[in-house]
Structures are given as structure tokens and as C-alpha cells.
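Peer 1: Just dropping this structure here.
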Amino acid sequence: MVAAMMVGCGSSSKSDDSAKGNGEVTIKFGIHVADPKTQETVTYKIVQEFNKKYSGKYKVEFEAADTEAHLKNLKLEASSGKLPEIFWLDASQTSEYNEGGYLLDLSDFLKEYTSTDSALDASVKEAFKDGIQYGLPYQCNVEGFFYNKEVAKKLGVEIKNGTTFDELLDIVKKCNDKGITAIAQGNKNSSYAIWGYLAMLDRYGYSDYINDILDGKKKFNNDDLLKCFEKLQSLAKAGAFAKNMATQEYFDAKNTFESGKALLFNSGAWDSAELDEKMGDKVGFWWGPTFSDSSYEQKAAMKVPSNPICVSSKVADDSGKKEAVYKFLEYYYGEEAAKMSYEGSVFPATNYTGIEVADAQHTLNEVVKSINEGWASPAKQPDLMLSSSVQSQLYDSIFGVITGNYEPKDALAKIDEKMNY
Numbered sequence: 001m002v003a004a005m006m007v008g009c010g011s012s013s014k015s016d017d018s019a020k021g022n023g024e025v026t027i028k029f030g031i032h033v034a035d036p037k038t039q040e041t042v043t044y045k046i047v048q049e050f051n052k053k054y055s056g057k058y059k060v061e062f063e064a065a066d067t068e069a070h071l072k073n074l075k076l077e078a079s080s081g082k083l084p085e086i087f088w089l090d091a092s093q094t095s096e097y098n099e100g101g102y103l104l105d106l107s108d109f110l111k112e113y114t115s116t117d118s119a120l121d122a123s124v125k126e127a128f129k130d131g132i133q134y135g136l137p138y139q140c141n142v143e144g145f146f147y148n149k150e151v152a153k154k155l156g157v158e159i160k161n162g163t164t165f166d167e168l169l170d171i172v173k174k175c176n177d178k179g180i181t182a183i184a185q186g187n188k189n190s191s192y193a194i195w196g197y198l199a200m201l202d203r204y205g206y207s208d209y210i211n212d213i214l215d216g217k218k219k220f221n222n223d224d225l226l227k228c229f230e231k232l233q234s235l236a237k238a239g240a241f242a243k244n245m246a247t248q249e250y251f252d253a254k255n256t257f258e259s260g261k262a263l264l265f266n267s268g269a270w271d272s273a274e275l276d277e278k279m280g281d282k283v284g285f286w287w288g289p290t291f292s293d294s295s296y297e298q299k300a301a302m303k304v305p306s307n308p309i310c311v312s313s314k315v316a317d318d319s320g321k322k323e324a325v326y327k328f329l330e331y332y333y334g335e336e337a338a339k340m341s342y343e344g345s346v347f348p349a350t351n352y353t354g355i356e357v358a359d360a361q362h363t364l365n366e367v368v369k370s371i372n373e374g375w376a377s378p379a380k381q382p383d384l385m386l387s388s389s390v391q392s393q394l395y396d397s398i399f400g401v402i403t404g405n406y407e408p409k410d411a412l413a414k415i416d417e418k419m420n421y
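UniProt numbering applies: residue 1 is where the sequence shown begins, and numbers increase by one.
Below is the structure:
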């Protein structure tokens, strides 16, 4: 067993109906997948266990749709005043919803439920605070590169935290010589799949100066990020990616890795359970390469709060709904739910100690080993600090460089064009 390191990562008449009625109070949970039972199994289990515990009193029902449809639905529901009581929200859209008055301030919830407040580190809560506590993290994201230990052994290479970019280029050459894809990477319909590159941005100072960029005091097109994007270009020119990457989706890339045809896979801890099932104990985890031409901290990891769970501001107008929402949030961020998360190879946002990862959870144990090396993570995931248009352009620019469609300087200039300087 390995001990898990937790990440510190209306209408008054409606109110009377919920508060005075003796029936079960039902609340909706808007989630970003079409089938929570198979696509978000941990969250599904938490909801089922909550419903079982509070049967006859409270009930949570999913309002489920794939991410794109979910976000479109939320905008329509916000404009019509019919948002689900609880919902997953893309962080790039939180400012819009907060400024529109659609989000409930969860400060009172945290004051009332002190055990939940204590279970969430200050930095985790701060990530979703802007005037009010507009949300709390859905989970904790731990992102980087998985590697196939057997393929590494066959190639005669060692991958460990601290491996340099020049060493990575040598590894890419050895992969090419053996007909193995160095980095399994999806591109088609997978613009979000940049997780392994986020810590690379931080090794060139992104989180140190992103607030200056957002305030208009600095540009994305700066010397440090230019070096970072040039490294991505170097990887592509060295043949690190499959020639058909442009037509591969994220799930195709994962299949390439699982079938032993790739050394590395850009992903995150959420894939741990599947990798265990498909690959057993063959998988290791790596934070990505370090860079000798950067003056910034190189021991940069990426374990950060995910997109937030938010609550509709209309919940404040219905004491019965509010009580049900608060009870669910208490359960969702409770120790019992944290144990379920770890059992499902998902990192919760809470900081409970003493919860153990089973020996059979090989991949998650590898992730925990990297976390325990103590590399520093930013307070917020780099791409989640941006507006939706700037975020989309960041993704497009990274993939544009990797696919050879953009030169690094032009790719960064495109991001600046989306900023309202």
C-alpha cells in the first residue's frame, strides 16, 4: 500500500414548497459527459452513495451531456433562469457567469461546514475566488507523461524526473530507429490534450508572469515562451510524433500507447485505472523534460485544481434546495468520497491523510511516487486562467507548432491577438 498524498490542490414561494414539504428534495447536477456511469464512474458512484445515504430526504439527479453540448445548455439555462442547482463549469467561462450573477457565493457554505473548509487547502479555494467563492474544484488534475517501462527497457533508455530536453531528443532518435512512436499524441477533436506541455510552460516562467500578461503589462510573444514553443517545434522536427497525428484523436493516441507502439503518452492521472487494466505494471509517470536555457524553476510539476463545480445563485431563494446542495457538497468533499475517488484512481481535491492506494493500482502508485518527489505546482492550471477565446487559441497555437502549421513566433502572436490589451 502507498499512502496517498492529497492535493491542496428567486422565489420565496418556491422556498416554502421545498422547506415545508415532507417529500424528497431533488437537485440536478449538470455534468460534462453524456454517460456518467461509464465516463465519470467515480462521480457516479459518489452520487449513488449519497442518494442511498439520504434516501427519502435528498436526491441528486444527473443532467448529462457531452462537454460541448453541456456548456451550450448551461448558457441557454442561465438566460432562462433554469440552471441546474449544481454544475460542472469550464474555468474559462466562470468570469462571465460570475459577473452575470448566476453563481452562488459558497463562502457561507464553507463557514457552516467547517470540516469541508478544512479539507480544502487555501490555495485550492483561492483558485475559484473572485469577489466571491464562486466554485470549488471538481477534482484534482495531475498531468504529465506516462511511459511504457518495457519499451524503455527495449530501447535501453531511462526516463526519470530530471531528464533533460537534450536527453529527450536522444530518446526520440532511438525510438525512430526502432520504429516506435516517441510521444502518442492526439490532435483531431482533441485540442484540449496539451496536459504534458503545461509544466513545460511553467519551466519557462508562465505562472510567474501570466498575471502581467493578463493585465497587459507583458505579451505571450516573449523571449521565454518563444524558447518553449521552439522546443515543441524541435520535438516535431525530430520526429517525436506519429506522422498521422493530425488525424488521430486523443483516444487513438491512448490506444497506440496501450498497444506498446509508443514510449510516451501525454495525459493525466484520470487514465490510471484504464492503463492498469490494459497494461498492468508496465507504466511509469514523468513530469516531462527540464530545460538548460531557462532561468526559471525546473522542478515544476502539474498537480492543480480542475475545473470547478458551481452552484446556481437561485439556490439561495429556496431553503430546501439550499440544504440539499449543502449536504451534497459536504458529502462530495468528505473523506468517504475521497476514498471512493482513490479506489477509482482519481485524485480528489481534498487533503485527507492516511488514505491508501492499493498495490494493484500500479499506475496511480507511479503518479503518487512522482508527487512525493516534491516538485512545485502552480496554484492554477495554466490554461484555466484564460478566457475561452484565449484558451482556445493557446491550444491551437501549441498544436499549430507541433503539426508544422505555425512558426513559434507566429503562434504566440496569434494568442496575443485574442487578448484585449
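Virtual Cβ for every residue (Gly too), placed ideally from N, Cα, C.
By the three-class DSSP mapping on this structure, what secondary structure does P408 have?
Peer 2: helix
Peer 1: Pairs of beta-carbons, one from the region 94-106 and one from the region 39-46, closer than 8 Å: are there three or more?
Peer 2: Segment contact: the region 94-106 against the region 39-46, fewer than three CB-CB distances shorter than 8 Å; contact not assigned.
Peer 1: Can the beta-carbon of L394 be found less than 7 Å from the beta-carbon of D410?
Peer 2: no
Peer 1: What is the rounded straight-line gap between the Cα of K314 and the Cα of K174?
Peer 2: 58 Å
Peer 1: In chain order, what are the residue ranges of uninterrupted alpha helix (DSSP H) at least 4 long that sit wholly in the region 306-343?
Peer 2: List check, alpha helix (DSSP H) in window: 319-332 and 335-343.
Peer 1: For K321, I'd like the list of residues in its chain whose CB is within less than 7 Å of its CB, leaving aside the five on either flank, ordered along the chain.
Peer 2: The residues are S18, V25, I27, E85 and V315.
Peer 1: Pick helix, strand or coil for Y204, following the three-state DSSP scheme.
Peer 2: coil
Peer 1: For a quick check, are the C-beta atoms of V124 and A338 less than 7 Å apart?
Peer 2: no
Peer 1: Just verifying my parser: in three-state terms, what is the DSSP assignment at I183?
Peer 2: strand
Peer 1: Which residue from F291, L232, L103 and S377 puts its Cα closest to that of A78?
Peer 2: The shortest Cα separation from A78 among F291, L232, L103 and S377 belongs to L103.
Peer 1: Starting from I27, follow its DSSP beta bridges and name the residues at the other end.
Peer 2: V60
Peer 1: I'd like to confirm the pairing. Which residues does DSSP put opposite I402 in its beta bridges?
Peer 2: The partner list for I402 (beta bridge, DSSP) is empty, contrary to what the question assumes.
Peer 1: From this set, N420, K380 and I171, which residue's C-alpha is nearest L198's C-alpha?
Peer 2: The candidate whose alpha carbon is nearest that of L198 is K380.
Peer 1: DSSP three-state label for T163, please.
Peer 2: Coil, per DSSP.
Peer 1: In terms of alpha-carbon separation, which member of S80, Q185, K327 and N161 lies closest to residue 422?
Peer 2: Residue 422 is absent from the model: the chain starts at 1 and stops at 421.
Peer 1: For G288, collect the residues of the same chain with a Cβ closer than 7 Å to its Cβ; drop the 5 residues on either side in sequence, then sort them by chain order.
Peer 2: G144, F145, G196, A199 and M200
Peer 1: Counting C-beta neighbours from all protein chains within 10 Å, is the total for T181 16 or more, i.e. buried, or is it exposed?
Peer 2: buried
Peer 1: Helix, strand or coil for P36 per DSSP?
Peer 2: helix
Peer 1: Between Y113 and Y326, how many whole angstroms is the CB-CB distance? I'm expecting something under 8 Å.
Peer 2: 7 Å
Peer 1: With a threshold of 8 Å, are at least 3 pairs of Cβ atoms found where one atom belongs to the region 151-169 and the other to the region 252-266?
Peer 2: Output reads yes: the region 252-266 touches the region 151-169.
Peer 1: Any contact of the region 218-230 with the region 398-416, i.e. 3+ C-beta pairs under 8 Å?
Peer 2: yes
Peer 1: Is the separation between the beta-carbon of F347 and that of A269 shorter than 7 Å?
Peer 2: The answer is yes: Cβ separation under 7 Å.
Peer 1: Keeping to the same chain, check which residues put their C-beta closer than 6 Å to that of N405; ignore five residues upstream and five downstream.
Peer 2: none
Peer 1: Give me the Cα-Cα distance between M419 and K282, rounded to the nearest whole angstrom.
Peer 2: 43 Å
Peer 1: Identify the continuous alpha helix (DSSP H) that holds A262 and give its terminal residues.
Peer 2: Counting along the chain, A262 falls outside any alpha helix (DSSP H), though it belongs to the beta strand (DSSP E) covering A262 to G268.
Peer 1: Does DSSP put residue 498 in a helix, a strand or coil?
Peer 2: Outside the shown range of the chain, which is 1 to 421, sits residue 498, and nothing can be said about it.
Peer 1: State the DSSP-derived secondary structure class of A238, mapped to helix, strand or coil.
Peer 2: In this structure, A238 counts as coil in the three-state DSSP scheme.
Peer 1: Decide if I402 is buried, meaning its Cβ has at least 16 other Cβ atoms within 10 Å, or exposed.
Peer 2: buried
Peer 1: Per DSSP, what are the beta-bridge partners of V283 in this structure?
Peer 2: N148
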